[in-house]
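Under numbering that gives the first Met the number 0, think of the first position of the sequence shown as 0, with each following residue one higher.
For each residue, glycine too, the CB sits at the ideal point set by N, CA and C.
These notes are about the structure you will find just below.
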Amino acid sequence: MSRLRDKYTTLHNNIFATLALGLTIISIIEYSKNKTGVSKLLLVILAIILIPLGIFTEGGLVVLPFILITYSFRGNTKKQIIGYMIFSILLFATSYNQYPTVKETIDMLMYNGERGMSNKFSKYLFYVFYPLHLWLLAIVEFYINK
Numbered sequence: 000m001s002r003l004r005d006k007y008t009t010l011h012n013n014i015f016a017t018l019a020l021g022l023t024i025i026s027i028i029e030y031s032k033n034k035t036g037v038s039k040l041l042l043v044i045l046a047i048i049l050i051p052l053g054i055f056t057e058g059g060l061v062v063l064p065f066i067l068i069t070y071s072f073r074g075n076t077k078k079q080i081i082g083y084m085i086f087s088i089l090l091f092a093t094s095y096n097q098y099p100t101v102k103e104t105i106d107m108l109m110y111n112g113e114r115g116m117s118n119k120f121s122k123y124l125f126y127v128f129y130p131l132h133l134w135l136l137a138i139v140e141f142y143i144n145k
């Protein structure tokens, strides 16, 4: 699967494409709940057909199922964690790196439902840190590949 993803087919450093695809799939699923018969079936088929497009996003086929598990079992942390672990086992069985799903599961277990620190320093720290660390990584990659 990783051979299909190269620098010419994916949007690097653009998690928004992954999130937009996940939101589109969730929106189609939600819209299909109000439909019946053939139109409902076609909408569900469309949502399923969109999933493989994850190959062309930064999150790939790892983040989309994670988004869908989170959506499907929202409000039930126990079922979400079981879903994440089953997904991790599937990734492990296919020799794919399952670290991200294990890490996110641990993060979710530690989340207490309260909003974190909210001040100007923490707000702007992340506005600066995220693009800055991407630039630094790109510079390091440039010098390594030089």
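From which residue to which residue does the alpha helix (DSSP H) around F72 run? Taken as a continuous stretch (DSSP letters only), F72 belongs to no alpha helix (DSSP H), as it is neither H nor E.
Three CB pairs or more closer than 8 Å across the stretch 74 to 89 and the stretch 18 to 33: no
Distance between beta carbons of F86 and I105, contact taken as under 8 Å: That belief does not hold up - the Cβ atoms of I105 and F86 are roughly 14 Å apart, past 8 Å.
Could you tell me whether the Cβ atoms of I66 and L18 are closer together than 9 Å? Taking the C-beta atoms as reference points, L18 is found nearer than 9 Å to I66.
Just tell me which of Y129, L63 and L42 has its CA closest to the CA of I50. L63
G53 burial status per 10 Å Cβ neighbour count (16 or more: buried): buried
Kindly indicate the opening and closing residues of the alpha helix (DSSP H) around I27. I14 to S31
Same chain only: Cβ atoms within 7 Å of L20, ignoring 5 sequence neighbours per side: L49, L52, G53, T56 and L63
Beta-carbon proximity list for N13, same chain, < 8 Å, skipping 5 on both sides: T56 and E57
For L40 versus I27, is the C-beta distance shorter than 9 Å? With contacts defined as CB atoms closer than 9 Å, L40 and I27 fail to qualify as a contacting pair.
With the cut-off set at 9 Å, would you say V61 and L90 are in Cβ contact? yes
Looking at the secondary structure, which residues open and close the alpha helix (DSSP H) in which I50 lies? Note, I50: premise wrong, no alpha helix (DSSP H); not H, not E.
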